[in-house]
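Student: In our numbering, the protein residues as written are 6 to 191. A virtual CB, placed ideally from N, CA and C, is assigned to each residue, including glycine.
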Amino acid sequence: MDPWQLIVLLGAVIAAAAFLMPRRNAGSRPDEASAVQLQTALEQFMETMEADNREIAESIAGMQKRNREENANRDERIAALERRAAELEERVSLTERRLEERIEGLRHGAPAETAPAADAQATEPEGGGEEQQDRDEPTIRSRYAELFALHDQGKSVDAIARQTGMNKGEVMLILQLAKQEEERHG
Numbered sequence: 006m007d008p009w010q011l012i013v014l015l016g017a018v019i020a021a022a023a024f025l026m027p028r029r030n031a032g033s034r035p036d037e038a039s040a041v042q043l044q045t046a047l048e049q050f051m052e053t054m055e056a057d058n059r060e061i062a063e064s065i066a067g068m069q070k071r072n073r074e075e076n077a078n079r080d081e082r083i084a085a086l087e088r089r090a091a092e093l094e095e096r097v098s099l100t101e102r103r104l105e106e107r108i109e110g111l112r113h114g115a116p117a118e119t120a121p122a123a124d125a126q127a128t129e130p131e132g133g134g135e136e137q138q139d140r141d142e143p144t145i146r147s148r149y150a151e152l153f154a155l156h157d158q159g160k161s162v163d164a165i166a167r168q169t170g171m172n173k174g175e176v177m178l179i180l181q182l183a184k185q186e187e188e189r190h191g
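(1) Would you mind reading off the limits of the alpha helix (DSSP H) that contains Asp157?
(2) If you follow the alpha helix (DSSP H) that Lys173 is part of, which residue opens it and which one closes it?
(3) From the DSSP output, in three-state form, read off Asp163 for me.
(4) At the level of alpha carbons, what is the spacing between Asn172 and Ala84?
(5) Buried or exposed: where does Asp91 fall if 16 or more other Cβ atoms within 10 Å of its Cβ makes it buried?
(6) Let me make sure I understand the geometry here. Which of Gly174, Gln181, Gly16, Glu186 has the alpha-carbon closest to that of Arg103?
(7) Does DSSP classify Thr100 as helix, strand or coil?
(8) Going by alpha carbons, who is nearest to Ile108 out of Ala46, Asp36, Gln181, Asp80?
(9) According to DSSP, is Glu131 helix, strand or coil?
(10) Under a three-way DSSP split, which group does Gly170 fall into?
(11) Could you check which residue in Gly159, Gln158, Ala183 has the C-alpha nearest to that of Ser147?
(12) Tell me the rounded alpha-carbon separation between Ala81 and Ala62.
(13) Buried or exposed for Ala38, please, with buried defined as at least 16 other CB atoms from any protein chain shown within 10 angstroms of its CB.
(14) Quick one: is Val176 buried, meaning 16 or more other Cβ sit within 10 Å of its Cβ, or exposed?
(15) Starting from the C-beta of Glu186, find all residues in its chain whose C-beta is less than 7 angstroms away, skip the five residues before and the five after it, and write them out in chain order.
(16) What is the C-beta distance between Gln168 and Leu178, in whole angstroms, given that I count them as a contact (C-beta under 8 angstroms)?
In C-alpha cells:
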C-alpha cells in the first residue's frame, strides 16, 4: 500500500473509533454537576437561613413574653408599694393628729379637770392664779407614772414604747415635756 493510503486508512479507523467510542462530554458534564452542586448548596443555605430565622423569631418572642411578664410583675409591685405608701401616709397623718390632740391635752390638762381650775382662776387675782393652777393640775410625771418608771429604770425609748403601747414619738415628746415642766417649776 501506498503511504498515502495507509494514512487515509489510519485516519478513517481513528475517526470511526472516535465516533463509536462513547463521548465523555468533558465540557457539558462538569457544568451540569456544578449546577446540581450549586443548586443543592443554595437549597441547604436557604434551609439553614429559614431555620435560623425561626430560631431568632422564637427567641425574640420568648424575650418579649419575659419582658411583658417582668413589666407586669414590676407594675404589680409598684402598685402594691404605692398602696402601702398611701396607707403609711394615712397612718402618719392619723398619728400626728392624735399626737397633737395629746399635746393639747397635756398643755391644757384634761377637759374635766380644767373647768374647775378655770372657775378658780376667774375669782383669784392674776399673779396667784397661775401658781394655784400649777399646784392643782397633775404633773406629766404623775399622769404617765408607768412611762417614767420605765425611763428611770434605764429602758430605751423603743422599749418603753413597746411596753406602754405608745408610739416612739409620743414617748419622746412626753419625756421632753416633762423635762421642760421640771425646768419651769425648778
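Tutor: Concretely, from the data shown:
(1) 150 to 157
(2) 173 to 190
(3) helix
(4) 28 angstroms
(5) In the sequence on display, residue 91 carries Ala and not Asp. It is exposed - the Cβ of Ala91 has fewer than 16 other Cβ atoms within 10 Å.
(6) Gly174
(7) helix
(8) Gln181
(9) Because Glu131 sits at a pLDDT of 45, beneath the cut-off of 50, its placement in the model cannot be relied upon, and the point is left open.
(10) coil
(11) Ala183
(12) First, the amino acid is wrong: residue 81 is Glu here, not Ala. Going from the Cα of Glu81 to the Cα of Ala62 covers about 28 angstroms.
(13) exposed
(14) buried
(15) Thr144, Ile145
(16) Contact doesn't hold; Cβ gap of about 17 angstroms is too wide.
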